[in-house]
Amino acid sequence: MRAVRRPPLTVLAAAVVLLAGLVGVVRSAQPQSTANTASVGSGGGASSMAGMDGMSPDMAIMVRGAYLRQPANRINAAAYLTIFNTTATADTLVSVASGAGALTTVHTEGAGGGMQQAAGGLPVPAHGSLSLTPGKGHVMIELLFGPLLAGQTVNIELTFARAGVVIVTARVIGVTAPVPTPNRTA
Amino acid sequence: MWRRAVAAVGLIALLAGCGASGGAQPKPSELNDHTDSTYAGLGLTPAQPRPQFTLTDTNGRSYRFGTATAGKPTLLYFGYTHCPDVCPTTLADIAQALQAVPSSVRQLTQVVFVTTDVKRDTPAVLKRYLAQFDPGLPNPFVGLTGSQAQIDAAQVAAHVALAQDDGQTHAAQVLLYGSDDYAHVAFLQSTDEAGQISHDLPLVAK
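Protein sequence lines, in the order shown, are assigned to chains A and B.
Heads up: the first sequence begins at 8 in this note's numbering, then just goes up one per residue.
Heads up: the second sequence begins at 37 in this note's numbering, then just goes up one per residue.
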């Protein structure tokens, strides 16, 4: 939320630049990336809705309760979150990436009870949700770029088959901190 | 929900996988219905006696679990430090529970973590890992390792399923042995695990 929120002035400026780009006034002024920023900015504005850690621009996908525990092993980290599909059509989480490590995958509980990389994407049912909770599933972040400390936030990029890219801001909680409240009820 | 649905008995095969596949889900026939409402966790019927096994602690010294913890409320958990999810969440739950119980109970209680990954979890690695969970607690968490055969023997003695895949798929339950040297209750990862432990710990501490 913090990372993607833009002050209105920036959005306005971006829109002006974008418009200018469209009419060919500043053709060389990287309108493409500016346009992307503007679109993420407006999505970010909406994601300041209470308790939401990320959502697609059309609000088809909303994510809340995103957190990860400061890794005591300093080797890997598991992020947890709940994804809500607000539409009447099922969607699929097809890939994940994060700013915290070089390798990010989704792990879910396998048929045998162990954790394994989810193959073929994870379904998010129409008007339903997908929860990744300890023991059930997590976003696995490996090859950490550096220490993850309580109080920091980690951006996680979720890519859905229909809704496209959703950027989620997960906060890092302390090694022994309780699970944040939104997850208890999710 | 769990407390009503499941009570574990004997060799319970509840496995927590952290990084790999494998292991077996418990069949309903392997579990008892929970009939003892005394405990918030999973009541164990019959109660399991405090096991005897000898491993190596984080100072490289021999640690005889049965005698070292005799008469003390003891939380015993098997896991490994590379585990990203269930192990650190469970240790955090234990730490929270210990902060929540009366000081007299906290002073008595010993936490013992036995690695299931003997290749990577050396005494030094275990020491550094556990030290992040026990700050502010009167009794540092004890970390134990050993040969694969010793770790297997410890799991058998504690009546938990043998870990697989280099220890990455391992028993999920935290066993609570009381001052009477029996485990009447165990705990599984849930959003209320800390609450269950802090509820039950004073009941078995005398």
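Cβ atoms here follow ideal geometry from the backbone N, Cα and C, with glycine treated the same way.
- Assignment of beta-bridge partners to B:Gly115 by DSSP yields B:Thr151.
- For B:Pro138, the secondary structure class from DSSP, reduced to helix, strand or coil, is coil.
- Contact annotation for A:Ala107 against chain B: no contact, minimum CB-CB distance about 12 Å [criterion: below 9 Å].
- In terms of beta-carbon proximity, A:Ile90 stays away from the interface with chain B, with every pair separated by 8 Å or more.
- Per DSSP, B:Gly102 lies in no beta strand (DSSP E) segment; the continuous alpha helix (DSSP H) that holds it begins and ends at 101-104.
- Cβ contact annotation for A:Ala104 (same chain, cutoff 6 Å, sequence separation greater than five): Thr111, Glu164, in chain order.
- Residues of chain B whose Cβ lies closer than 8 Å to the Cβ of A:His145 are, in chain order, Pro120, Asp121.
- Interface annotation for the stretch 139-169 of chain B against chain A: Tyr165, Gln168, Phe169, criterion Cβ-Cβ distance under 7 Å.
- Inclusion of A:Val101 and A:Val175 in the CB contact set at 8 Å is not warranted, their separation being larger than that value.
- In its chain, beyond the 5 residues on either side, Tyr99, Pro159, Val178, Gly179, Leu180 have a beta carbon closer than 8 Å to the beta carbon of B:Asp93.
- Sequence-ordered contacts of the stretch 211-231 of chain B with chain A read Gln225, Thr227, Ala230 [C-beta pairs closer than 7 Å].
- DSSP places A:Pro130 in the strand class (E or B) of the three-state scheme.
- Taking CB atoms only, A:Val161 has no neighbour in chain B less than 8 Å away.
- The alpha carbon of A:Leu129 has as its nearest neighbour, out of A:Gly106, A:Ile148, A:Thr99, A:Gly158, the alpha carbon of A:Thr99.
- Contact with chain B is found for A:Thr183, since one of that chain's Cβ atoms lies less than 8 Å from the residue's Cβ.
- The alpha-carbon of A:Thr166 is positioned some 10 Å away from that of A:Ile68.
- For A:Arg76, the enclosing beta strand (DSSP E) covers residues 68-76.
- Excluding its 5 nearest sequence neighbours in each direction, A:Ala79 has C-beta neighbours in its own chain below 8 Å: Val182, listed in chain order.
- By a beta-carbon distance limit of 8 Å, B:Thr117 contacts B:Asp157. Their separation comes to about 5 Å.
- Below the 7 Å Cβ cutoff, chain A contributes Thr183 as neighbours of B:Ala131, in chain order.
- Bridge partners of B:Ala219 according to DSSP: B:Gln84, B:Tyr213.
- Within the stretch 149-186 of chain A, the runs of beta strand (DSSP E) that reach at least 3 residues and sit entirely inside it are, in chain order, 160-167, 171-180.
- Residue nearest to B:Gly77 within the set B:Val240, B:Gln232, B:Lys242 is B:Gln232 (criterion: CA-CA distance).
- For the options B:Val154, B:Lys163, B:Thr105, B:Ala230, the alpha carbon positioned closest to that of B:Asp202 is the one of B:Val154.
- Within the model, the alpha-carbon separation for A:Gln123 versus A:Val113 is close to 8 Å.
- Separation of B:Thr90 and A:Ala97 (C-alpha to C-alpha, rounded to the nearest whole angstrom) is 53 Å.
- DSSP, read as helix, strand or coil, puts B:Gln204 in coil.
- Residue range 178-181 is occupied by the beta strand (DSSP E) that includes B:Val178.
- Around A:Gly61, no beta-carbon contact reaches into chain B at under 8 Å, the shortest distance being about 21 Å.
- Here B:Ala194 has Pro87, Leu112, Leu211 as same chain residues with Cβ atoms under 7 Å from its own Cβ, once five neighbours each way along the sequence are excluded.
- Nearest CB-CB separation between A:Val186 and chain B: below the 8 Å threshold.
- Judged by beta-carbon spacing, A:Gly108 lies within the 8 Å limit of A:Glu149, meaning their Cβ atoms are closer than that value.
- The C-alpha of A:Gly142 lies about 12 Å from the C-alpha of B:Glu229.
- From the beta-carbon of A:Ala85, the residues of chain B found nearer than 7 Å are Pro120, Asp121.
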